[in-house]
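Novice: Mind having a look at this structure? Questions to follow.
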Amino acid sequence: MNAPSFRVEMTEDGDMLLHYYSDRKGLYHIVPGIIQAVAQEFFYSRVTMMVLNQSEEVERTGKKEHVVFLVKQTNQAHKTRDQDQSSDRGEALFRTMRDKYVSLAGKKRGWNLIRAVVYAEKGSLQCTFSPCYPNKLWMEEKAFCNAFPFHVVFDEDLKVRQTGVNIQKFVPGLQAKDAMLDQYFTIIHPQVTFTIESIRKFINSQFVLKSYKDKNSILKLRGQMLWMESLGCMLYLCSPKLRSLQELQDVGLHLADLAQHDVTRDLVLLNQQRLAEMELTNQLERKKEELRILSQHLEAEKEKTETLLYAMLPRHIANQLKDGKSVKAGDFEVCTILFSDVVTFTNICAACEPIHIVHMLNSMYSKFDRLTNIHDIYKVETIGDAYMVVGGVPVSTETHAFRVANFALGMRIAAREVTNPVTGKPIQIRVGLHTGPVLAGVVGEKMPRYCLFGDTVNTASRMESHGVPDHIHLSSSTYSLPSPLCLPPSNPTTYSYKLFSELENAGFNIQERGQIEVKGKGQMTTYFLLGNLLVSEESIMGKEDGGTCLYTEDLHGQRKKECGVRAEWRDAPSDGVIALDDSHLDTVTPFAWDISPPYETNENSSNTPANNINSRLCVLL
């Protein structure tokens, strides 16, 4: 879409004729409004416009709508008086500004003076200058052609009369005697036909000419047309239209081909500097975007690393290692450790493909890992089919035995959901628990691990290895661990609290196994954990959506966690307790929740729960 063009002619009576040219028809109606608004806003003058003529002209680019407007000022009567007042006011303002800025130095003083005068007079400057012309032109023809190397002089027939030295170098055909300018150049702007009449109509416009493509590249010239009435010729003072050194090279010119006074030199160099700065800016933006993407990838990898680190070590210990701090080993006076393994795991490995073993262990360990989050205990490590967890380490808690016991019950339930790849039946596990003191700390640098040391670890492992398939084996220290318990009194309208000193009395169904020979330990009295009389399997497995709780913490206000039992007690203390559901109190039977299969027959069958007359139930008050 080409913009419209305008040209102005002055009439003898001082009015103006505005010529409007446009490729688009019917838009000349908006011209009067624009002109009147400009006259009022910038020149504080009111004008009237009327259409004198409307026609179509065939130009180089096609048909154009040509409309001639007559422009008249409505305040002509006051024109002379306003000019006199403006002249007096301008002289006074000029003197005032000159005195005000006389202390300023050099260029700054001059520019501030001009700026102040123009602003105060709304663009009306003093018209006191009168040029002085010489009687003859004191310049040689060669000097003129060298000083203006890209000028062209042509007559009314467009015959070339004179050219600059560099334009001859680029267009050798102009050196011919009868060379015609329109044979080598065409007018790009304004869009008019290449005739003297059309050029004189737009004599105040900048003209852009483009050479016809020959063996050289296309040369574009821009400059002004000057009509020399006495000679009947047109002078085109121009310079190459260039924007960068690359365009200068493409055309086949050099900076030396441009005149010293030609600002095109400065424009090319400034634009080249601007292009270089833009390229640097673009490179910085690209690098910035690359850094942003790399930062995102780094954060993602950092999160993966932290997730892996937190899976290997307790969170607060991992944070200490990340901060470069050394982690000291710590003593824990009491904790509960659990070991488990898969029954006949060696036979299973010998009878099926390794990938089936991997799938079986992955399914089982995924369920176990979920249970560690539910009961808030720490997974120490897994070796083959062995699974080791601890309660009360690395964060001490008074409910460590309850948590590990409920976790063991959940392990037994979860193991029944894992299929033996050989028999197609659910797998069986052995579980052993022991309570006692341990030493815990980080071992290793390349692959640091949080390890437990002490006889408690060894005894817990012995409880697992001397256990019975699909049963939970307890040591006497875990069985007799003192633990607080909140129970309702005989009067249901009020509540009182009583402490019980056995794990069994906390709602767990436990049977005594009796005396057994433990490797490296001698005779030990051990027990079997059969179930939890007060908590459902759904609560143990974390599948219940209620807002009930399995555990609360001690008076010192550590974490409160986990959902489970439905009873609510008024005025309940903050001691570590397991809350009871009073709906179970009248329905407890000797073997409630004991869903374990019969024990396998062995040499210690006399000590099995089925033959043990010392089996005891939870004491309910």
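Sequential numbering of the sequence shown, starting at 1, is according to the numbering used here.
Glycine included, every Cβ here is placed at the ideal spot set by N, Cα and C.
What beta strand (DSSP E) runs, 3 residues minimum, are completely inside the region 280-362?
Specialist: Runs of the beta strand (DSSP E) inside the region 280-362: 330-342.
Novice: Would you check if the region 437-450 and the region 401-409 touch, i.e. whether three or more CB-CB distances between them fall below 8 Å?
Specialist: No contact exists between the region 401-409 and the region 437-450.
Novice: Would DSSP call Glu416 helix, strand or coil?
Specialist: Here the question's residue 416 lines up with position 416 in the sequence shown. Reading off the sequence, residue 416 comes out as Arg, not Glu. Looking at Arg416 - three-state DSSP - the assignment turns out to be coil, as it is neither helix nor strand.
Novice: From the DSSP secondary-structure annotation, give me the bridge partner or partners of Ile187.
Specialist: Numbered from its first residue, the sequence shown carries residue 187 at position 187. According to DSSP, Ile187 bridges with Leu209.
Novice: Within the continuous alpha helix (DSSP H) that includes Asn166, where are the two ends?
Specialist: Along the sequence shown, read from residue 1 onward, the residue named residue 166 stands at position 166. Residues 165-170.
Novice: What are the start and end residues of each continuous beta strand (DSSP E) run of 3 or more residues lying completely inside the region 417-483, in chain order?
Specialist: Qualifying beta strand (DSSP E) stretches, in chain order: 429-443, 449-453, 472-474.
Novice: Look at the Cβ atom of Val342, then the Cβ atom of Ile429, and state whether they are nearer than 7 Å.
Specialist: As a working note, residue 342 is residue 342 in the sequence shown. As a working note, residue 429 is residue 429 in the sequence shown. Yes; because the gap between Cβ atoms is below 7 Å, this pair is in contact.
Novice: What are the partner residues of Met50, as DSSP defines its beta bridges?
Specialist: Mapped onto the sequence shown, residue 50 falls at position 50. Met50 is bridged to Leu70.
Novice: Taking Cβ to Cβ, would you say Ile317 is nearer than 7 Å to Val327?
Specialist: On the sequence shown, residue 317 is found 317 positions in, with the first residue counted as 1. On the sequence shown, residue 327 is found 327 positions in, with the first residue counted as 1. Contact: yes.
Novice: Excluding the 5 residues flanking Thr48 on each side, which residues of the same chain have their C-beta closer than 7 Å to its C-beta?
Specialist: Residue mapping note: residue 48 aligns to position 48 of the sequence shown, counting from 1. Answer for Thr48: Lys72, Thr74, listed in chain order.
Novice: Return the first residue and the last residue of the beta strand (DSSP E) that Gln175 is part of.
Specialist: Taking the sequence shown and counting its residues from 1, the one referred to as residue 175 is at position 175. Gln175 -> no beta strand (DSSP E), and no H or E assigned at all.
Novice: Run through the DSSP bridge pairs and tell me what Ser55 is partnered with.
Specialist: Along the sequence shown, read from residue 1 onward, the residue named residue 55 stands at position 55. Ser55 is bridged to His66.
Novice: Measuring CA to CA, which of Glu12, Met180, Gln175, Trp138 is closest to Phe154?
Specialist: Taking the sequence shown and counting its residues from 1, the one referred to as residue 154 is at position 154. Measuring from the Cα of Phe154, the nearest candidate turns out to be Met180.
Novice: To the nearest angstrom, report how far apart Leu452 and Leu533 are at their CA atoms.
Specialist: As a first step, residue 452 must be located in the sequence shown, where it is residue number 452. As a first step, residue 533 must be located in the sequence shown, where it is residue number 533. Going from the Cα of Leu452 to the Cα of Leu533 covers about 32 Å.
Novice: With a threshold of 16 other CB atoms inside 10 Å of the CB of Thr11, please say whether the residue is buried or exposed.
Specialist: Here the question's residue 11 lines up with position 11 in the sequence shown. Exposed: under 16 other Cβ atoms inside 10 Å.
Novice: Going by beta carbon distance, what residues of the same chain come within less than 6 Å of Gln558, once the five residues before and after it are set aside?
Specialist: Translated into the one-based positions of the sequence shown, residue 558 becomes position 558. Residue placement at Gln558 is flagged as unreliable, the pLDDT there being 39, under the threshold of 50; the coordinate-derived value follows with that caveat. Excluding sequence neighbours, Gln558 sits near nothing in its chain.
Novice: Over the uninterrupted beta strand (DSSP E) stretch that includes Phe528, give me the two end residues.
Specialist: For the purposes of this step, residue 528 is taken as the residue at position 528 of the sequence shown. Segment 522-532, the beta strand (DSSP E) holding Phe528.
Novice: With DSSP collapsed to three states, give me the class of Tyr133.
Specialist: For the purposes of this step, residue 133 is taken as residue 133 along the sequence shown, with counting starting at 1. Three-state result, Tyr133: coil.
Novice: Quickly, what does DSSP pair Arg222 with across the bridge? List them, please.
Specialist: Stepping through the sequence shown from its first residue, residue 222 is reached at position 222. Paired residues: Val208, Ser239.
Novice: So is Met463 buried or exposed if we call it buried at 16+ other beta carbons inside 10 Å?
Specialist: Stepping through the sequence shown from its first residue, residue 463 is reached at position 463. Buried, since its Cβ has 16 or more Cβ neighbours within 10 Å.
Novice: Quick one: is Asn505 buried, meaning 16 or more other Cβ sit within 10 Å of its Cβ, or exposed?
Specialist: Locating residue 505 in the sequence shown gives position 505, counting from the first residue. Result: buried.
Novice: Return the residue from the list Gly164, Gln36, Leu321 that minimises the CA-CA distance to Glu141.
Specialist: The residue given as residue 141 occupies position 141 in the sequence shown. Selected option, being the one with the closest Cα: Gly164.
Novice: Comparing C-alpha positions only, which one of Ser230, Leu209, Ile218, Leu231 sits nearest to Gln224?
Specialist: Start at 1 with the first residue of the sequence shown, and residue 224 comes out as number 224. Cα-wise, what sits closest to Gln224 is Leu209.
Novice: Tell me where the alpha helix (DSSP H) around Ile383 begins and ends.
Specialist: Locating residue 383 in the sequence shown gives position 383, counting from the first residue. It is not in any alpha helix (DSSP H) - Ile383 instead sits in the beta strand (DSSP E) that spans 378-383.
Novice: Under a Cβ-count criterion, where at least 16 other Cβ atoms within 10 Å of its own Cβ denotes burial, should Gly392 be classed as buried or exposed?
Specialist: Residue mapping note: residue 392 aligns to position 392 of the sequence shown, counting from 1. That one is buried.
Novice: When you compare each of Leu248, Ser363, Thr435 to Leu622 by their alpha carbons, which one comes out closest?
Specialist: In the structure as shown, the chain begins at 1 and stops at 621. Residue 622 is therefore absent and cannot be evaluated.
Novice: If you follow the beta strand (DSSP E) that Ile510 is in, where does it begin and where does it stop?
Specialist: Position 510 of the sequence shown, counted from the start, is the residue given in the question as residue 510. Segment 508-518, the beta strand (DSSP E) holding Ile510.
Novice: Check whether the Cβ atoms of Val389 and Ile377 sit closer than 7 Å, and answer yes or no.
Specialist: Locating residue 389 in the sequence shown gives position 389, counting from the first residue. Locating residue 377 in the sequence shown gives position 377, counting from the first residue. It is a contact, given that the beta carbons lie within the stated cut-off.
Novice: Return yes when at least one heavy atom of the ligand GDP lies under 6 Å from the C-beta of Gln523, else no.
Specialist: With respect to the ligand GDP, the structure offers nothing, as it holds no ligand at all.
Novice: For Arg46, collect the residues of the same chain with a Cβ closer than 8 Å to its Cβ; drop the 5 residues on either side in sequence, then sort them by chain order.
Specialist: Here residue 46 refers to the residue found at position 46 when the sequence shown is read from its first residue. Counting only Cβ-Cβ distances below 8 Å, and skipping sequence neighbours, we find Gln36, Ala39, Gln40, Gln73, Thr74, Asn75.
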